[in-house]
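In my numbering, the protein residues as written are 47 to 326.
We put the beta carbon where it would ideally sit given N, CA and C, even for glycine.
Notes follow the structure.
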């Protein structure tokens, strides 16, 4: 089964590939994990309708003999949102219903690819693979030693380009990792279950109870999400909120590796005009 998302993106449920195309040009390709692909396939098959958490856990994990959890499901939903966002689809395409489930929003067009379209799509990909990159002209008039020299030159150039791309990719990953670590070089405020809560300053330590109240308001299921010892929370609150006015709030719920050295993903939540609920 293939789905066309937002007209330019094709998702193949059999190969788990997502391909972004502009006409005959492939702009980007992504290979999803089996679990992520299965979740996306279920959401697309129920396009615009609520898919309950229990159903996803049963179909994706339990049918394969694995034990799933809400924390794992949240991680894969975040991975899907990020992957689709990199292909040009807003992260809001997968909407959350707190404590219920998820919906693939009707704001993004989705339709099944017809058989004729699949054949055309497959033929285009085949032609892209089989089309020669270099078409030598007048081979019969070119001396053998010249052909060998040109071939060796092309091979050398290709190898150097691959080496350069690899170096750039490594530097990018290193920079991104260091950036994450620097961002989280912050002050620990308190803990929620197994989650340590950090902020960029301790200047507002007297308002920790307010910060905790805001976290519970934005993430009502924070206790469940913090059952894993590898989860951390980063919170930043505009001071005006502490004094009863509207302001900005940023909360990042991040999962890290077991050794605690790196983060695998973060679920970010922004509120640009947040106001605390006043007790009556």
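Contact check for residue 49 against residue 90 passes: the beta carbons are separated by less than 7 Å. Beta bridge pairing from DSSP links residue 68 with 71. With 16 or more other Cβ atoms from the protein chains shown falling within 10 Å of its own Cβ, residue 81 counts as buried.
The alpha carbon of residue 124 has as its nearest neighbour, out of 106, 104, 85, the alpha carbon of 85. Residue burial annotation: residue 213 is exposed, with fewer than 16 other C-beta atoms found within 10 angstroms of its C-beta. 7 Å or more divides the Cβ of residue 297 from the Cβ of residue 268. Taking C-beta separations shorter than 7 Å and ignoring five residues to either side along the sequence, the partners of residue 108 in its chain run 114, following chain order. DSSP lists no beta-bridge partner residue for residue 257. Residue 235 holds the alpha-carbon nearest to the alpha-carbon of residue 252 among 105, 130, 300, 235. Inter-segment contact for the stretch 267 to 285 and the stretch 87 to 106 is absent: fewer than three beta-carbon pairs are separated by less than 8 Å. Setting aside the 5 residues that flank it on each side, residue 274 is surrounded in the same chain by 117, 240, 301, each with a C-beta closer than 8 Å to its C-beta; the list follows chain order. Short of 8 Å from the beta carbon of residue 135, and not among the five residues preceding or following it, lie these beta carbons of its own chain, in chain order: 51, 52, 55, 154. In chain order, 117, 240, 241, 271, 299, 300, 301, 302 place their CB closer than 8 Å to the CB of residue 277, counting only its own chain and leaving out the 5 sequence neighbours on each side. Judged by DSSP secondary structure, residue 320 falls within the beta strand (DSSP E) whose first and last residues are 309 to 320. For residue 314, the closest C-alpha among the options 71, 288, 128, 105 is that of 128. In the three-state scheme derived from DSSP, where H, G and I count as helix and E and B as strand, residue 107 is classed as coil. Residue 102 and residue 119 do touch by the CB rule: their CB atoms are close to 6 Å apart, below 8 Å. Here DSSP, grouped into helix, strand and coil, assigns residue 242 to strand.
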